[in-house]
Amino acid sequence: MGLILLIAAFLFTYDSNPQVELVASEEIDIESWDSQDLILNNSKADALVKTGYLLVAESAKHLGPLAENPEHRYAGNHLSCTNCHLNGGTLSGSASWLGITERFPQFRGRENKIGSIEERINGCMERSMNGTKLPENSNQMNAIVAYMKWIDKGLPKLNSKVIQGYPAIEIPKVAVDLVQGKEIYQRECTLCHGAEGKGIKNQDGSESYLYPPLWGEDSYNDGAGMHRVLTAAAFIKNNMPYLQASWDNPKLSDEEAFHVAGYINSFQRPEKQNKTADFPDKKLKPVSTAYGPWTDDFSAEQHKYGPFPPIIAYYQTTFGLRKTK
Ligand code: HEC
Ligand code: HEC
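Okay, structure coming up:
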């Protein structure tokens, strides 16, 4: 109901204000991204697209624990999708959604089948958002997919480079060093994410985050992509510290990103149920998946913290598989 009112509010407010013009015709960096101008006040974006934007950018309020209607509380934590998919999912190097709907359906190792965009979104719902699936034909799912389709065409030339996922890092030869990871964390991350990784909430009493948590019970769960050290390292190198690092101008070295990624993932977080069912074909499991079973004899410790090159070499020689994560 809250959502329907919102849609009505947007229809009313913004269609009567058609002189707002799209400003994006060139690259928009993280500091000049303005969702009001680009999306919410943009007369070229329809109500469904605007709803989709609110769902991904204010997720806790519209599909999480803060949703007025208890039936709309699908996400289990107070994160927003856009805490990881930056600038409304448009920023190069943060697993941007530009062109995403054209890349699906695609083969997914985690399920060992061809998966749809809806199933991929639900992958992040159940893991990154520590929640439950959105029904595939729900208004919420339709709005999110409509938004993803629209950013591609509706915000032309938004970013100079469409990068799938994250630009790769060179995989360190060493294991994660948690002492170094902690030092890097204290130097580069504590300011915003806090010494205890709890993040910082908005001051409006809404329980939503200004700076999202990196571990603890309100974070992504242990089945999430961000819980894999190599995936987290690639995200961090290309995007953090926030406003300082970007894919074409990172701040941390590959190895620093790797140690700090291991550090944030060394703490307690929610547990995903039934993880053993992931990757029905176990040899397709990414090497830094911290939970078993695996088709190799490397320890759980090594799958979590590395060193990864020996595991990668094993899959290359035994199965002819070239693993990058
Ligand atoms: C200046 C503040 C700031 C600093 C410093 C900073 N971050 Fe962030 N971080 C953010 C913000 C803000 C977001 C969410 C971005 C958004 O919503 O647009 C974020 C998102 C994240 C996320 C994904 C969301 C989540 O909660 O899991 C991770 C992981 C992360 N940061 C790790 C780090 C690490 C590691 C460092 C240090 C190397 C770091 N950050 C430094 C502000 C910061
Ligand atoms: C804690 C961080 C985090 C949050 C929150 C999150 N995701 Fe993700 N998402 C990821 C990671 C990590 C990947 C995999 C990126 C990679 O390895 O290429 C991913 C991948 C995706 C992909 C596929 C991208 C591609 O290029 O194939 C889609 C679509 C997606 N997420 C949608 C969502 C939606 C919608 C939400 C909110 C309901 C969400 N995500 C919340 C971390 C997150």
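Per the numbering used here, the very first residue in the sequence shown carries number 1149; after that it's consecutive. Note that the Cβ used here is the ideal one computed from N, Cα and C, for glycine as well.
(1) Considering Gln1450, what are the terminal residues of the alpha helix (DSSP H) in which it resides?
(2) Tell me whether Tyr1368, by its Cβ, gets closer than 6 Å to a heavy atom of ligand 2.
(3) Please go through the same chain and pick out, in chain order, the residues whose beta-carbon is closer than 7 Å to the beta-carbon of Leu1358, but skip the five residues on each side of it.
(4) So is Lys1452 buried or exposed if we call it buried at 16+ other beta carbons inside 10 Å?
(5) Can you determine whether any heavy atom of ligand 2 sits closer than 6 Å to the C-beta of Arg1268, and answer yes or no?
(6) Does the segment 1328 to 1339 come close enough to the segment 1313 to 1320 that 3 or more CB-CB pairs lie under 8 Å?
(7) By DSSP, does Val1171 sit in helix, in strand, or in coil?
(8) Can you tell me the Cα-Cα spacing of Ser1401 and Gly1410, whole angstroms?
(9) At the level of alpha carbons, what is the spacing between Cys1337 and Trp1363?
(10) Are the CB atoms of Arg1417 and Asp1366 within a distance shorter than 7 Å?
(11) Name the one or two DSSP bridge partners that Asn1397 has.
(12) I want to check one thing, is the minimum distance from the CB of Met1388 to the heavy atoms of ligand 2 below 6 Å?
(13) Quick check on the burial criterion: 16 or more other C-beta atoms within 10 angstroms. Buried or exposed for Ala1405?
(14) Buried or exposed: where does Tyr1201 fall if 16 or more other Cβ atoms within 10 Å of its Cβ makes it buried?
(15) Under the rule that 16 or more other beta-carbon atoms within 10 Å means buried, what is Leu1262, buried or exposed?
(16) Is Thr1466 near ligand 1 - that is, is its Cβ less than 6 Å away from at least one heavy atom of it?
(17) Shorter than 6 Å, the distance from the beta carbon of Tyr1222 to the closest heavy atom of ligand 1, or not?
(18) Does the beta-carbon of Phe1383 have 16 or more other beta-carbons within 10 angstroms, so that it is buried, or is it exposed?
(19) Less than 7 Å between the beta carbons of Asp1325 and His1407, yes or no?
(20) Can you list, in chain order, the residues of its chain with a C-beta nearer than 6 Å to that of Leu1469? Leave out the 5 residues immediately preceding and following it.
(21) Report yes if the C-beta of Thr1230 is less than 6 Å from at least one heavy atom of ligand 1; otherwise report no.
(22) Let me know the secondary structure DSSP gives Pro1457 once reduced to three states.
In brief:
(1) Ala1448 to Tyr1453
(2) yes
(3) Only Ile1348, Lys1349 and Asn1350 meet the Cβ criterion.
(4) buried
(5) yes
(6) no
(7) Unreliable placement is indicated for Val1171, whose pLDDT of 40 sits below 50; no coordinate value is reported for it.
(8) CA-CA distance, Ser1401 to Gly1410, rounds to 14 Å.
(9) 13 Å
(10) no
(11) Asn1397 pairs with Ser1394.
(12) no
(13) With 16 or more other Cβ atoms inside 10 Å of its own Cβ, Ala1405 counts as buried.
(14) buried
(15) Note on identity: in this sequence residue 1262 is Ile, with Leu being the wrong assignment. In the assembly as shown, Ile1262 is an exposed residue. Its beta-carbon has fewer than 16 other beta-carbons within 10 Å.
(16) no
(17) no
(18) buried
(19) yes
(20) Tyr1463
(21) yes
(22) helix
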